[in-house]
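For the sequence shown, numbering that gives the first Met the number 0 assigns the number 0 to the initial residue and increments by one for each residue that follows.
Note that CB positions come from ideal geometry on N, CA and C, so glycine has one too.
Treat the numbers as computed from the prediction; the structure is a model and nothing was measured.
Report on one structure; see the data block that follows.
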Amino acid sequence: MLLGGRRFVTGGPPVSTAVAAAVGGAWAVSLVLAGWLLHWAVPLVVLLGVAALLGPAATREFGRRRRLAEVSRGTPASADAAWREVLAECADRGLDIPSTETLRQARDTITDRLALDDEGRRHLSTIVQVVERSWYSPTGAAGAGPSAGAGLPGGTEPNLAEAVEGLRAAMDRHSPLPWRGQLVPRSLLSR
């Protein structure tokens, strides 16, 4: 047979209706199986996407809660945990404190760059004093409990946990995190 200048061979064995039905049935079964495979894959892909989107924020929140719990316990490691949380909060806001800066230099940098108000400065100074005492005093961090600070000028006993929470609140007031900073905290990237 000649069609449009091309030759087609016709006349092979006729395809029986049973074979055609079997091929059609195989296609139908394969479509059903593909649908079955995809019915759980779509929610799985959505779940993985949500986990990838919220994972960094959840990781940062877990680290924050762990450090704040350590601060509240009043153990010798409380002052270190408080300072690590301050550094993480600064990193989340794009302020990386070099490890070569002293505590007081870091305090001044944080105060200036984040434009803290008087309350935030007071909380940051309390944290710096408690951390300095835990790092440099002969008694070390033995007295760095939740109400650490006995022996500070004026005989006051500031609460380290309150100081950390107050500083975080002041940072949120004066240098709030954008939504991208909340989803992907910079402190996780600077480790």
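Under the three-state DSSP convention, the category residue i falls into
{"i": "Ile126", "result": "helix"}
{"i": "Leu70", "result": "Before going further, note that residue 70 is Val rather than Leu in the sequence given. Note: Val70 maps to helix in three-state DSSP."}
{"i": "Asp116", "result": "coil"}
{"i": "Leu192", "result": "Examination of residue 192 is not possible in this model, given that the chain is present from 0 through 190 alone."}
{"i": "Gly24", "result": "helix"}
{"i": "Ile96", "result": "coil"}
{"i": "Ser186", "result": "helix"}
{"i": "Leu176", "result": "coil"}
{"i": "Ala105", "result": "helix"}
{"i": "Pro42", "result": "helix"}
{"i": "Thr138", "result": "coil"}
{"i": "Ala81", "result": "helix"}
{"i": "Ala162", "result": "helix"}
{"i": "Ala87", "result": "helix"}
{"i": "Ser15", "result": "coil"}
{"i": "Ala76", "result": "coil"}
7 Å Cβ shell around residue i - same chain, five flanking residues per side excluded
{"i": "Pro55", "result": "Leu182, Val183, Pro184, Leu187"}
{"i": "Leu102", "result": "Val127, Val130, Glu131"}
{"i": "Pro97", "result": "none"}
{"i": "Asp91", "result": "Leu176, Gly180, Pro184, Arg185, Ser186"}
{"i": "Arg112", "result": "Leu94"}
{"i": "Ala80", "result": "Arg66, Glu69, Val70"}
Nearest-angstrom beta carbon gap, residue j and residue i [assumed within contact, 8 Å]
{"i": "Arg120", "j": "Thr110", "result": "5 Å"}
{"i": "Met170", "j": "Glu88", "result": "6 Å"}
{"i": "Arg66", "j": "Arg83", "result": "6 Å"}
{"i": "Thr125", "j": "Ala162", "result": "4 Å"}
Residues near residue i in its chain [Cβ-Cβ closer than 6 Å; skip 5 each side]
{"i": "Leu46", "result": "none"}
{"i": "Gly165", "result": "His122"}
Cβ shell of residue i (< 8 Å), same chain only, five flanking positions each side left out
{"i": "Ala114", "result": "His173, Ser174"}
{"i": "Asp116", "result": "Ala169, Arg172, His173"}
{"i": "Leu52", "result": "Leu182"}
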